[in-house]
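> Have a look at the structure that comes next, please.
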Amino acid sequence: MKSHGFSLEKESTNLSINLIKCAILKIGDYYGKQLQSVNADIDYLNNLCYYGKQIMMILDPKEFSDLPTNEGFRKQPMSLTFSTIHDSMNQAIQYLTNKTLPELERQKSELSNKIKEINNFAESNINILTKIYDSYFTHSNHFFHKREDSSLDLNQVIRCGMTENDEKSLEISISRSFHFKYMELFKVVLDQESMTYWHLEMFHKSYLALVQDEDDTICAATKEIYACFPNIELKEIRNKQNDEENIIRQKSQIAAAFFKLKSFTGTPKLPNIEMVPKIWKENGGIFFARVWSDYDAKNDDEVTLRKKEIVKVTKANLTPFWLVEKADGKVGYAPCTILEPVE
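Our numbering puts the first residue of the sequence shown at 116, with every later residue one more than the last.
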């Protein structure tokens, strides 16, 4: 089947669709970086708890219970210091174990689920857009391939083989033309764009909330540990500002890609005039045609036509509009898809 010049349009739309997918997946990558940060927090604090417990075992006052001078030792400054350090460390470890680490595990689980959600949404979004564009191109190629077959007149093409007197079948066949297929395509693109923007906002807000949750959790843990051991230095919380800016950048790229999809001008050209059956272009290419649906002129170059009206086609060219002359002498362009050449 001939492509009718669709190859460039298909390539352009595929590039835009893939750009949308890549941008959405890129946002998932930022969630992945945040997940790595939370995992690093968990490992760091688990190690801190482990070594803290080892020190607690050494400083545990019970370890000195067997000493002959136990009672006297407990009254010594060093013993009091060991006991204070033991109790402070125990307090810090209990806080990390019961509050900080469970909260970080919750964040880890939520981040993992969000990454899966983003990946699934990207695949679903791309599948829907790819499917509707493939359907449009296939339908349009088929439609115009039939137009090139000189054994079929335009009436048969528009009706898809339905009878002339079957008005209901005629309306159904017209609704299946590439014009209506284009409107179906455009509606799907608009729906997917709206849904994508909604998901992007949710992903963005969720990302910022999870970053803030990590910051708040680490800050609270830091205060608790500093209160017990002011000389212990915990790792600094990394700056997340760059990732937020990157998410905004990805959202802008997605908006630009959807703009290209909405600006799609894939209405294909009609067959060359030489492909119009010979009987239709006698007398220097002039032939008569019946109007199959009402059409209101959109500008001064066009004419208004009414259903079942007979017009003279004075010029059929490569564009979707043919030059016609009405019975009252008015001349202008009209879409050829509503015209059936008659003998």
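Glycine included, every Cβ here is placed at the ideal spot set by N, Cα and C.
Bear in mind that the values here come from a model prediction, so they are computed numbers and not experimental data.
What residue range does the beta strand (DSSP E) around E417 cover?
In the sequence shown, counting from the first residue as 1, residue 417 sits at position 302. Looking at the DSSP string, E417 is not in any beta strand (DSSP E), and its letter there is neither H nor E.
> Return the Cβ separation of I241 and I132 in integer angstroms, given the expectation that the two are a contact with Cβ distance under 8 Å.
In the sequence shown, residue 241 corresponds to position 126, counting from 1. In the sequence shown, residue 132 corresponds to position 17, counting from 1. Going by Cβ atoms, the distance from I241 to I132 rounds to 6 Å, so yes, they are a contact pair.
> Output the distance between the C-alpha atoms of N414 and K430, rounded to the nearest integer angstrom.
On the sequence shown, residue 414 is found 299 positions in, with the first residue counted as 1. On the sequence shown, residue 430 is found 315 positions in, with the first residue counted as 1. Their backbone Cα atoms lie some 18 Å apart in a straight line.
> Mark T184 as exposed unless 16 or more other C-beta atoms lie within 10 angstroms of its C-beta, in which case mark it buried.
Taking the first residue of the sequence shown as position 1, residue 184 is located at position 69. For T184, the predicted model reports a pLDDT of 47, less than 50, meaning its position is unreliable and no value from the coordinates is stated.
> Does DSSP classify E455 as helix, strand or coil?
Indexing the sequence shown from 1 puts residue 455 at position 340. It is a strand residue.
> Output the distance between the C-alpha atoms of S321 and H314, rounded to the nearest integer angstrom.
Here residue 321 refers to the residue found at position 206 of the sequence shown. Here residue 314 refers to the residue found at position 199 of the sequence shown. Spanning the two alpha carbons is a distance of roughly 10 Å.
> Mind checking whether K141 and Q365 have CB atoms under 8 Å apart?
Taking the first residue of the sequence shown as 1, we reach residue 141 at position 26. Taking the first residue of the sequence shown as 1, we reach residue 365 at position 250. Closer than 8 Å, so yes.
> Using alpha carbons as the reference points, say which of K214, K445, N213 lies closest to V426.
As a position in the sequence shown, residue 426 is number 311, starting the count at 1. Minimum Cα distance to V426 is reached at K445.
> What do you reckon, are the CB atoms on L211 and L160 nearer than 8 Å?
Here residue 211 refers to the residue found at position 96 when the sequence shown is read from its first residue. Here residue 160 refers to the residue found at position 45 when the sequence shown is read from its first residue. Taking 8 Å as the Cβ cut-off, L211 and L160 qualify as a contacting pair.
> Would you call A442 buried or exposed, if buried means 16 or more other Cβ atoms sit within 10 Å of its Cβ?
Indexing the sequence shown from 1 puts residue 442 at position 327. Exposed: under 16 other Cβ atoms inside 10 Å.
> Please go through the same chain and pick out, in chain order, the residues whose beta-carbon is closer than 6 Å to the beta-carbon of T382, but skip the five residues on each side of it.
Looking up residue 382 in the sequence shown gives position 267. Bear in mind that a pLDDT of 48 at T382, under 50, signals an unreliable position, so the number given afterwards is only what the model happens to contain. Excluding positions up to five away in sequence, the list is empty.
> Give a yes or no on whether 8 Å exceeds the smallest Cβ distance from I453 to chain D.
This model lacks chain D altogether, as it is built from one protein chain only.
> CA-CA distance, K214 and E232?
Your numbering for residue 214 matches position 99 in the sequence shown. Your numbering for residue 232 matches position 117 in the sequence shown. Their Cα atoms are separated by approximately 27 Å.
> Do you know offhand how far N205's Cα is from T311's?
Within the sequence shown, residue 205 is the residue found at index 90, counting from 1. Within the sequence shown, residue 311 is the residue found at index 196, counting from 1. Going from the Cα of N205 to the Cα of T311 covers about 49 Å.
> Just to check my reading of the structure: L300 and Y248 have Cβ atoms closer than 8 Å, yes? What is that Cβ distance to the nearest angstrom?
Here residue 300 corresponds to residue number 185 of the sequence shown, with the count starting at 1. Here residue 248 corresponds to residue number 133 of the sequence shown, with the count starting at 1. Indeed, because the Cβ distance is near 7 Å, the residues count as touching under 8 Å.
> Only counting the same chain, and skipping five residues up and downstream in sequence, which positions put a Cβ closer than 6 Å to that of H319?
Here residue 319 corresponds to residue number 204 of the sequence shown, with the count starting at 1. Cβ within range, chain order: I362.
> So E424 is in the beta strand (DSSP E); what residue range does that whole segment cover?
Here residue 424 refers to the residue found at position 309 when the sequence shown is read from its first residue. Per DSSP, E424 belongs to no beta strand (DSSP E) and is neither H nor E.
> Going by beta carbon distance, what residues of the same chain come within less than 6 Å of N129, once the five residues before and after it are set aside?
Along the sequence shown, one-based indexing puts residue 129 at 14. Excluding positions up to five away in sequence, the list is empty.
> Going by Cα to Cα distance, which pick from L219, T452, Y166 is closest to A335?
In the sequence shown, counting from the first residue as 1, residue 335 sits at position 220. Measuring from the Cα of A335, the nearest candidate turns out to be L219.
> With a threshold of 16 other CB atoms inside 10 Å of the CB of T452, please say whether the residue is buried or exposed.
Residue numbering aside, residue 452 sits at position 337 when the sequence shown is read from its first letter. When all chains shown are included, T452 counts as buried.
> Could you have a look at A335 and say whether DSSP puts it in helix, strand or coil?
Locating residue 335 in the sequence shown gives position 220, where the first residue counts as 1. Three-state result, A335: helix.
> Rank L376, L216, W407 by C-alpha distance to the C-alpha of T337 and give the top, closest one.
As a first step, residue 337 is located in the sequence shown; it is residue number 222 there, counting from the start. With distances taken between Cα atoms, T337 lies closest to L216.
> Tell me whether the beta-carbon of I369 lies closer than 8 Å to the beta-carbon of F236.
Working through the sequence shown from its first residue, we reach residue 369 at position 254. Working through the sequence shown from its first residue, we reach residue 236 at position 121. Not a contact, by the Cβ cut-off of 8 Å.
> Using the C-alpha atoms, what's the distance from A412 back to F436?
By 1-based counting over the sequence shown, the position of residue 436 is 321. By 1-based counting over the sequence shown, the position of residue 412 is 297. About 12 Å.
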